[in-house]
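To keep things clear, I will list the structure first and then write my remarks on it.
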Amino acid sequence: MVREIVKDPRLLSRRAEDAGVEDLETARDLLDTLAAHRRDCVGMAANMIGVNRRVIVFENGGTDTVMFNPEIIRQSGPYQAEEECLSFSGARKAQRWRTIQVRYENELFRVRTGTFTGRTAQIIQHEIDHCEGVLI
Numbered sequence: 005m006v007r008e009i010v011k012d013p014r015l016l017s018r019r020a021e022d023a024g025v026e027d028l029e030t031a032r033d034l035l036d037t038l039a040a041h042r043r044d045c046v047g048m049a050a051n052m053i054g055v056n057r058r059v060i061v062f063e064n065g066g067t068d069t070v071m072f073n074p075e076i077i078r079q080s081g082p083y084q085a086e087e088e089c090l091s092f093s094g095a096r097k098a099q100r101w102r103t104i105q106v107r108y109e110n111e112l113f114r115v116r117t118g119t120f121t122g123r124t125a126q127i128i129q130h131e132i133d134h135c136e137g138v139l140i
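Residues in the sequence shown are numbered from 5 upward in steps of one, following our numbering.
Next comes the structure, spelled out in structure tokens:
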């Protein structure tokens with residue numbers, strides 16, 4: 005189901021709680037909402053649709069990917085980026101890493117580790133910031 009985008013900084017600044025099997029529907033809603041905003045959006049976190057759980061979705065080489073409970077465990081190559089967000093107007097500066105290694109759970113809640121670079125790494129970092137309550 006396509007959900008409304010949350011724009012309230014008080015809600016978006018709360019640190020998300022760990023996700024579990026009960027959040028599979030949230031992931032489906034995130035994927036639907038991302039698809040509906042495809043023109044303006046490449047990633048979303050659950051708090052952007054009003055669910056305070058650690059679930060993110062993002063476009064990854066033409067495929068939408070879901071991560072539950074993602075955390076960056078290694079990073080390298082810091083740089084300054086400028087990003088936009090559906091929840092806020094305008095662009096904002098953010099420190100990002102060119103390469104990140106992320107530990108997360110897949111849709112079967114099996115722990116996985118992946119290494120991401122470039123644009124995909126930047127998108128993931130932006131969405132993990134949402135999970136941490138960091139306003140971008």
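Every residue gets a Cβ at the ideal spot worked out from N, C-alpha and C, and that includes glycine. This structure is a prediction, so every number in the text was calculated from the model and none was measured.
Where does residue i fall in DSSP's three states?
i: residue 64; result: strand
i: residue 73; result: strand
Please list, in chain order, all residues of the same chain as residue i whose beta carbon is under 7 Å from its beta carbon, the five residues on each side excluded.
i: residue 41; result: 90
i: residue 115; result: 107, 109
i: residue 64; result: 124
Beta carbon of residue i, beta carbon of residue j: below 8 Å?
i: residue 109; j: residue 28; result: no
i: residue 61; j: residue 68; result: yes
i: residue 18; j: residue 56; result: yes
i: residue 44; j: residue 5; result: no
Excluding sequence positions up to five away, which residues of its chain have a Cβ less than 6 Å from the Cβ of residue i?
i: residue 11; result: 91
i: residue 134; result: 49, 51
Pick from the options: whose alpha carbon is nearest that of residue i?
i: residue 78; options: 8, 138, 127, 120; result: 120
i: residue 24; options: 71, 126, 66; result: 71
Every unbroken beta strand (DSSP E) within the segment 97-136, with a cutoff of 3 residues, ordered by chain: 115-121
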